[in-house]
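**Q** Before anything else, here's the structure in question.
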Amino acid sequence: MKLHRTKCAALIRKAVAPSLKEELREDFSGQKFSVLIDESTDISLQKLMCVVVVYVGKNGKVKFAYLGLIPVVAADAATLFAALEEELRSYGQTLENCVGFSSDGASVMVGNNNSVWTRIKEKSPQCVQLKCICHSLALSIQHAFCKLPSNVAFLIKEIPGWFSNSPLRRDNFCTLFNVMNSDSGLESGESHPTPFTKTSATRWLVRGKVLYNILTNWHELMAYFSVVEASTKGQPDVKFKARLLKEMLQDKANLLYLHFATPLVQEFERVNALFQSTHQDPHNLCQELDMLHRSLVGRLHDSNGVKKAMDDVDFGCKFLEQCEQHSAEAIDDAAGSTKISHIKQRCYEMLEEAIVQVKKRLPYSMDMFRNLSLLHPKKVLTQMDRPAFKDLPFQHFLNDQKSAAEEQYRRLIFVDWAKEKPFAETGLPNDSVAFWEGVRQHNGFQTIADYALTCLLVPTSNAVIERIFSIVTATKTKPRNKLGVTSLDSLVRIKAHLQLASKCCRDFVVTPAMIALHSSWNLYGAPLRSKPIATSLPPTCEPTHGEQEQEKEADEAVLQYLL
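Mapping of the sequence shown onto full-length UniProt numbering: residues 1 to 563, in sequence order.
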C-alpha cells in the first residue's frame, strides 16, 4: 500500500477528522456540558483558542471532548466569546446548556466586568465558574518563593543553564560525581538525579525537581565549579561565572534556604499534579486542598489561631538540623546566631506568603469541592451523618424536578447497590462519577443520577487544555511552521480523540462513515486519471453518469472488503 503526502493529508482533513467531528456532534448535541477554554500562540505566531467540553454522553458516561482550535485575531473578551459561541453552534449546542466554565485567571476570561465569563453568565445564569486550580497553586508557590533572597532563584536558573547546551560539561560533571561517590555505588544519571533539568515559567511541576536535584548534588557541584575556576582553559567570563556559582554554593545560607524551600515546593506540586488528572474525584481533591491549607496554617499558628513565636514555628526537621550544624561550625557564635535568625525570618515570610496566596486564590474552589464531595458514595449511602438533600450542591440544576430528585434521594440508601447489576462484579466504586453512572442505569433513580452527574461536570482544572496545546506544539514545529489551521485542527482532533479516550493508535477503529468519505471526489474534488482522455469536447470537471456508477461500485467494493 502506497500513501504519499497528498493522499495522507486529504484522508486526515476530509475523511478521518470530519467523521470524528460528526460522531461528537451526534453524541454531544443537546446535552448539558461544561466548557474549558484557553488561548495561546503557535510557532508561526498564529493566535489560537482551544475549546474542550465535559458532558454526559448518550451512553450515560461522563466524557471529555475536544471541540476545536479557533484562530482569533484579537484576544479581547468580545472576540473570544463570539468564537466560542460560533464553535458551539456548529455542534448543535447553545450556551443555555452550559453548567460550568473553567479557564485561567486572566481578567479577559474571568474578570467581573466585560469578560468572557460575564457574557456566558448572561446566556446561562445557572453556569458555575471555576478558575483553574493548577494555575492558582502554581502562582501561589511562585509568589511565596519570591520572598526568599534573589540569589536562590539565580542558582536554580543558572546551574541548569550552565549544562543546558554542553554535552562536554555534563560528561565532566558526571565523571567527577562518579569519582567522588565511587565507594557508595551511586552513578550520576542512573541511580542518582542530575542537576541538568531547567526551570520553566509554563511547566507547573518542574521547580521542585530542580531544587531537589541541586540540593542532592550540592557538594559535587561545589567541587565541579572549583575545578572549572582553577582550570587554565576557558574564557575569562566563563571562569568568572564559575567562581560566582562556586561562592554561592559555598555560602551555607543558600544551602539552608534550599533545605527549607524544597519540601514546601514539592508539596504544592504534589497537590498540583493531582488536579492535572483528567478524571479525579472531587471528594479526594477536597481533602487534599483542605490538608494543604491546614498544614500550612499549622506551621505558623497554634490551635487557637495565634501566631507562634519564631522558635516554635515548624520550619522542618531537616532545616533545623542544618541550622544547628551551621551554628556549631560558626567561629563567631553571635554572628552565626544572627545569620540563622535572618534566614529563619526569610523562611517565615515565605510560609506566611504561601498562606496568604492560598487564602486569596482558593477559598471559592475549596468551598465548591467541599460541596461536591457530598455526592461521594461514602456520604450518600451512609446511615450516619448523611447529608440532607437541601445541603447538596447546585440545586438550581434541578429546575422543576426537585421533588422527584428528593424522593429518589430518600430511597437511595434502601438499595443494596453492591449487589446491583452495575456493581455486582467489580464492587461498589470509590469514585463519585463511576457510582452515579451506575445508579443512572437503575430505572428508579435516573433523576437524582442525572442531577449528580451534571454537578460533577464542573471541571477541576484546565490541565486538559494545556495537554492539547502540548499536542499543538509537538505537531506544528519550526520545520512545519506553515501547517494551516485546518490541517492542524484535524491532526490535533485525531490525537486528542485517542488521548482523551485513553487509547493507543493501534486501537483506532476505521468507521463506515470514514470509508464512505474515502472517495476521489471527496478527497481531491475530481477523479484522478493516469492518462488524459482524448475527446473533442472541452474538458469538464463534472463526471459522466457511467463514471459515477463505476466509482460508486468501486467504493462499495472497498467498503465490503474492509467491513
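Cβ atoms here follow ideal geometry from the backbone N, Cα and C, with glycine treated the same way.
1. Can you give the Cα-Cα distance for Val-35 and Val-51, rounded to whole angstroms?
2. Determine the burial state of Asp-489: buried for a count of at least 16 other Cβ atoms within 10 Å of its Cβ, exposed for fewer.
3. Count the other CB atoms within 10 Å of the CB of Phe-283; is the residue buried (16 or more) or exposed (fewer)?
4. In chain order, what residues of the same chain have a beta carbon less than 7 Å from the beta carbon of Ala-75, not counting five sequence neighbours either side?
5. Within 7 Å: the Cβ of Phe-28 and any heavy atom of the ligand FMN?
6. Between which residues of its own chain and Cys-10 is the CB-CB distance below 6 Å, once the five residues before and five after are set aside?
7. Alpha carbon to alpha carbon, how far is Val-458 from His-135?
8. What is the DSSP secondary structure of Phe-64, counted as helix, strand or coil?
9. Whose C-alpha, out of Leu-221, Ala-253, Ser-103, is nearest the C-alpha of Ser-150?
10. Hey, would you say residue 564 sits closer than 8 Å to Val-210, going by beta carbons?
11. Return the Cβ separation of Arg-493 and Leu-205 in integer angstroms, given the expectation that the two are a contact with Cβ distance under 8 Å.
12. Does chain C have any CB closer than 8 Å to the CB of Asn-481?
13. Just to confirm, are Phe-64 and Val-464 a CB contact at a threshold of 8 Å?
14. Cα-Cα, which of Arg-13, Glu-324, Asp-281 is closest to Ala-452?
15. Does the Cβ of Gln-235 have 16 or more other Cβ atoms within 10 Å, making it buried, or fewer, making it exposed?
16. Counting C-beta neighbours from all protein chains within 10 Å, is the total for Pro-479 16 or more, i.e. buried, or is it exposed?
17. My assumption, with CB atoms under 8 Å, is that Leu-155 sits in contact with Ile-214. Please give the rounded CB distance.
18. Counting along the chain, where does the beta strand (DSSP E) carrying Tyr-91 start and finish?
19. Would you identify the three-state DSSP class for Pro-422, choosing helix, strand or coil?
20. On a Cα-Cα basis, can you pick out the residue from Glu-352, Gln-93, Phe-319, Thr-197 that is closest to Leu-296?
21. Quick check: Ile-12 and Thr-460, are their CB atoms within less than 8 Å of each other?
22. Taking the beta carbon of Ser-140 as the centre, do at least 16 other beta carbons fall within 10 Å, making it buried, or is it exposed?
23. Use the C-beta contact count for His-376: other C-beta atoms within 10 angstroms, 16 or more gives buried, fewer gives exposed.
24. My parser needs the alpha helix (DSSP H) runs of 4 or more residues fully inside the region 140-219; what are they?
25. Tell me the residue span of the beta strand (DSSP E) that contains Met-49.
26. Could you check the C-alpha separation between Ala-153 and Lys-147 for me, to the nearest Å?
27. Give the single residue among Leu-137, Leu-428, Met-49 whose Cα lies nearest to the Cα of Glu-85.
28. What are the start and end residues of the beta strand (DSSP E) that includes Cys-98?
29. I'd like to know if the region 77-97 and the region 121-132 are in contact, where contact means that at least 3 CB-CB pairs between them fall below 8 Å.
30. Whose C-beta lies closer than 6 Å to the C-beta of Ser-200 among residues of the same chain, with five residues either side of it excluded?
31. Check Val-313 in the structure and name its three-state DSSP category.
32. Give a yes or no on contact between the region 424-442 and the region 371-385, applying the rule of three or more CB pairs nearer than 8 Å.
33. Smallest Cα separation from Thr-447: which of Glu-420, Lys-476, Glu-466, Arg-411?
34. In whole angstroms, give me the CA-to-CA distance for Val-16 and Glu-229.
35. Which one of Thr-454, Glu-22, Phe-260, Arg-370 has the shortest CA to CA distance from Gln-345?
36. Mapping the DSSP letters down to three states, classify Lys-233 as helix, strand or coil.
**A** Here's the rundown:
1. Residue 35 sits at position 35 when you count from the first residue of the sequence shown. Residue 51 sits at position 51 when you count from the first residue of the sequence shown. Roughly 7 Å between the two C-alpha positions.
2. As a working note, residue 489 is residue 489 in the sequence shown. Result: buried.
3. Here residue 283 is taken as the residue at index 283 of the sequence shown, counted from 1. Residue 283 is actually His in this sequence, not Phe. It is buried - the Cβ of His-283 has at least 16 other Cβ atoms within 10 Å.
4. On the sequence shown, residue 75 is found 75 positions in, with the first residue counted as 1. So the qualifying residues of the chain are Glu-39, Lys-47, Val-108.
5. For the structure depicted, the ligand FMN is absent and the ligand set is empty, with no information on it obtainable.
6. Counting from 1 along the sequence shown, the entry for residue 10 is found at position 10. Position check: residue 10 holds Ala in this sequence, whereas Cys was assumed. For Ala-10, where only same-chain residues beyond five positions count, the Cβ hits under 6 Å are Leu-523.
7. As a working mapping, residue 458 is identified with position 458 in the sequence shown. As a working mapping, residue 135 is identified with position 135 in the sequence shown. When rounded, the distance between both Cα atoms is 17 Å.
8. Numbered from its first residue, the sequence shown carries residue 64 at position 64. In this structure, Phe-64 counts as strand in the three-state DSSP scheme.
9. As a working note, residue 150 is residue 150 in the sequence shown. When only C-alpha atoms are compared, the closest one is Ala-253.
10. Because the chain in this structure spans residues 1 to 563, residue 564 falls outside the shown range and cannot be described.
11. In the sequence shown, counting from the first residue as 1, residue 493 sits at position 493. In the sequence shown, counting from the first residue as 1, residue 205 sits at position 205. Between Leu-205 and Arg-493 the Cβ distance is about 27 Å, and since that is not below 8 Å, they are no contact.
12. This model lacks chain C altogether, as it is built from one protein chain only.
13. What you label residue 64 is simply residue 64 of the sequence shown in a count that begins at 1. What you label residue 464 is simply residue 464 of the sequence shown in a count that begins at 1. Yes; because the gap between Cβ atoms is below 8 Å, this pair is in contact.
14. Taking the sequence shown and counting its residues from 1, one reaches residue 452 at position 452. Of the listed residues, the one whose Cα sits closest to Ala-452 is Asp-281.
15. Counted from its first residue, the sequence shown places residue 235 at position 235. When all chains shown are included, Gln-235 counts as exposed.
16. Position 479 of the sequence shown, counted from the first residue, corresponds to residue 479. With fewer than 16 other Cβ atoms within 10 Å, it is exposed.
17. The residue labelled residue 155 in the question sits at position 155 within the sequence shown. The residue labelled residue 214 in the question sits at position 214 within the sequence shown. Indeed they touch by this definition, with Cβ atoms about 7 Å apart.
18. Mapped onto the sequence shown, residue 91 falls at position 91. Unbroken run through Tyr-91: none, as it is neither H nor E.
19. Looking up residue 422 in the sequence shown gives position 422. Pro-422: coil per DSSP, three-state reduction.
20. Numbered from 1 along the sequence shown, position 296 holds the residue referred to as residue 296. Measuring from the Cα of Leu-296, the nearest candidate turns out to be Glu-352.
21. For the purposes of this step, residue 12 is identified with residue 12 of the sequence shown, where counting begins at 1. For the purposes of this step, residue 460 is identified with residue 460 of the sequence shown, where counting begins at 1. No, they are not a contact pair.
22. To locate residue 140, count along the sequence shown from 1; it is residue 140. When all chains shown are included, Ser-140 counts as buried.
23. If you number the sequence shown from 1, residue 376 lands on position 376. Buried, since its Cβ has 16 or more Cβ neighbours within 10 Å.
24. 150-163, 167-180, 207-216
25. By 1-based counting over the sequence shown, the position of residue 49 is 49. Element bounds for Met-49: 47-56.
26. Taking the sequence shown and counting its residues from 1, one reaches residue 153 at position 153. Taking the sequence shown and counting its residues from 1, one reaches residue 147 at position 147. Distance between the alpha carbons of Ala-153 and Lys-147: 10 Å.
27. Within the sequence shown, the letter at position 85 stands for residue 85. For Glu-85, the nearest C-alpha among the options comes from Met-49.
28. The count along the sequence shown starts at 1 and reaches residue 98 at position 98. Unbroken beta strand (DSSP E) run through Cys-98: 98-103.
29. yes
30. Looking up residue 200 in the sequence shown gives position 200. Shown here for Ser-200: same chain residues with a beta carbon closer than 6 Å to its own, the five before and five after excluded, namely Val-206 in chain order.
31. Mapped onto the sequence shown, residue 313 falls at position 313. Here Val-313 sits in coil by DSSP.
32. yes
33. By one-based count along the sequence shown, residue 447 stands at place 447. Checking every option, the nearest Cα to that of Thr-447 belongs to Arg-411.
34. As a first step, residue 16 must be located in the sequence shown, where it is residue number 16. As a first step, residue 229 must be located in the sequence shown, where it is residue number 229. Rounded to the nearest angstrom, the two C-alpha atoms are 59 Å apart.
35. Position 345 of the sequence shown holds residue 345. Comparing alpha carbon positions, the residue from Thr-454, Glu-22, Phe-260, Arg-370 closest to Gln-345 is Phe-260.
36. Here the question's residue 233 lines up with position 233 in the sequence shown. Residue state, collapsed to three classes: coil.
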